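Q:
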Amino acid sequence: MAIIKTEAIVLKTFDFRETSLIANFFTKDHGRVNGILKGIRTDPRKFASTLEPFSSNEIVFYQSRNSGLHLVSQCDLRDNFSPLRNNLESVVCAYYLVDLLRQFMPEEEKNTAVYELAVSALRRMESHKEPQKISRVFLIKFLKLIGFRPRLEACVICNKDVFEDAYFNAKRGGLLCPKCGLSDNYSAAVLKGTVASILHMEENDWDNSLRLGLSGKIKEEFNTILQNFMEFHLQVRPRSKEVLEALAC
Ligand SMILES: [Zn+2]
C-alpha cells in the first residue's frame with residue numbers, strides 16, 4: 042500500500058456514518074481522488090483542516106489497490122482563499138470551478154496543468170473585482186487543457202476558414218461557415234467577435250485574457266456555445282449552469 046503526499050483542492054465532502062467524512066479531492070499529482078477521513082467528525086482536531094470546499098490542502102493518503110476510496114491520514118490546510126470567501130459572487134464562481142473539476146476530470150488521472158490553472162483562478166478570484174471574468178477565462182483554458190473544445194478555426198462541414206459572422210452547431214462540435222450554416226437547421230448564428238474572443242483566451246496568458254472587453258451579446262453567445270457543447274458531448278449538465286447563465290450579465 043503506497044503512501045502518497047500531495048497538494049489537493051477540496052471539491053466536495055460527504056458525511057460518512059457518525060464519525061467520518063468522505064472527501065473528493067482534485068490533487069496535484071494523482072488527479073481526482075476520493076478519500077475517507079476517519080474520526081474527523083467526533084474529533085475535528087485530528088486533522089489540521091476543516092476541508093472547506095475549494096480550499097487547498099496538503100494531504101497524505103494510503104493508496105488502496107482494491108477500491109477507489111483511499112484512507113487519508115493527514116490533511117493540513119495550505120490556503121483557504123479567505124479573501125475570496127468574503128464576496129458572494131466570488132464564492133459562486135469558485136463553486137462553479139470545483140463543479141467543473143468534479144464532473145469533467147476522470148478519477149486518478151494526473152493533470153498538473155489543470156491543477157495549476159485551478160489554483161491560479163482561485164488566487165485571482167481573491168482580489169479581482171469581476172470574478173465572473175476569471176470563471177470565463179478558466180472555462181476556456183480548462184476545456185483546451187483537457188482536449189475538449191469546439192472546433193472554431195474552420196467550418197466543420199466544408200473545412201473553409203471562417204472570417205465573418207458564422208453559425209455554431211453543438212452536435213457537429215464546432216463552427217459552420219455562413220453558407221453551410223444557412224442550410225443547417227440545428228445551428229445558431231454567432232458573431233465573429235465571440236469566436237475571436239474564445240480563441241484569444243485560449244492562446245493568451247491570464248492578464249491578456251482578462252484585459253479583453255466583451256459586449257453583453259458576446260458573453261451571451263459565449264455561454265450558449267460552450268454550455269451546449271459541453272452538455273451535448275458529455276451528456277452532463279454542470280449543476281451550476283444557472284451560475285454561468287448569470288455570468289452573462
Ligand atoms: Zn462551410
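When you line the sequence shown up against our numbering, it's residues 42 to 290, in that order.
Even for Gly, the Cβ is constructed at its ideal location relative to N, Cα and C.
Quick caveat, the model's predicted, so the values are computed rather than measured.
1) Can you tell me where the beta strand (DSSP E) with His-241 in it begins and where it stops?
2) State the Cα-Cα distance for the pair Thr-153 and Gly-72, rounded to the nearest angstrom.
3) Just the residues with CB closer than 7 Å to a heavy atom of ligand 1, in chain order, which are they?
4) What do you get for Cys-199, buried or exposed, if any count of 16 or more other CB atoms within 10 angstroms of its CB means buried?
5) Within the chosen definition, does the region 201 to 215 reach the region 154 to 166 through at least 3 CB pairs nearer than 8 Å?
6) Give me whichever residues DSSP pairs with Ser-97 in a beta bridge.
7) Between the Cα of Leu-255 and those of Val-236, Leu-223 and Val-160, spot the shortest distance and give me the residue it belongs to.
8) So the candidates are Tyr-136, Val-74 and Leu-141; which of them puts its Cα closest to the Cα of Leu-293?
9) Note down, in chain order, each residue of its chain lying with its Cβ closer than 6 Å to the Cβ of Ile-45, except the 5 sequence neighbours on either side.
10) Compute the Euclidean distance between the alpha carbons of Arg-143 and Leu-275, then round it to the nearest angstrom.
11) When you compare the region 57 to 64 with the region 122 to 131, are there three or more beta-carbon pairs, one atom per stretch, that lie closer than 8 Å?
12) In angstroms, rounded to a whole number, what distance separates the CA positions of Ile-81 and Leu-158?
13) Assuming Thr-47 and Lys-79 are in contact, meaning their beta carbons sit under 8 Å apart, how far apart are those beta carbons, in whole angstroms?
14) Over what stretch of residues does the alpha helix (DSSP H) that includes Thr-36 continue unbroken?
15) Express the C-alpha separation of Glu-149 and Phe-66 in angstroms, rounding to a whole number.
16) Where does Ser-176 fall in DSSP's three states?
17) By a C-beta neighbour count over all protein chains shown, 10 Å radius and 16 as the cutoff for buried, is Tyr-137 buried or exposed?
A: In terms of the structure at hand:
1) Per DSSP, His-241 belongs to no beta strand (DSSP E); it is in the alpha helix (DSSP H), 233 to 244.
2) 8 Å
3) Cys-196, Ile-198, Cys-199, Lys-201, Leu-217, Cys-218, Lys-220 and Cys-221
4) exposed
5) no
6) For Ser-97, which the question treats as bridged, DSSP gives the partners Ile-50 and Asp-120.
7) Val-236
8) The structure shown has nothing for residue 293, since the chain only spans 42 to 290.
9) Here the set comprises Phe-102 and Gln-104.
10) 13 Å
11) no
12) Ile-81 and Leu-158: Cα-Cα distance of roughly 30 Å.
13) So it is not a contact: roughly 19 Å between Cβ atoms.
14) Only positions 42 to 290 of the chain appear in the structure, and residue 36 is not among them; the question remains open.
15) 10 Å
16) helix
17) So Tyr-137 counts as buried.
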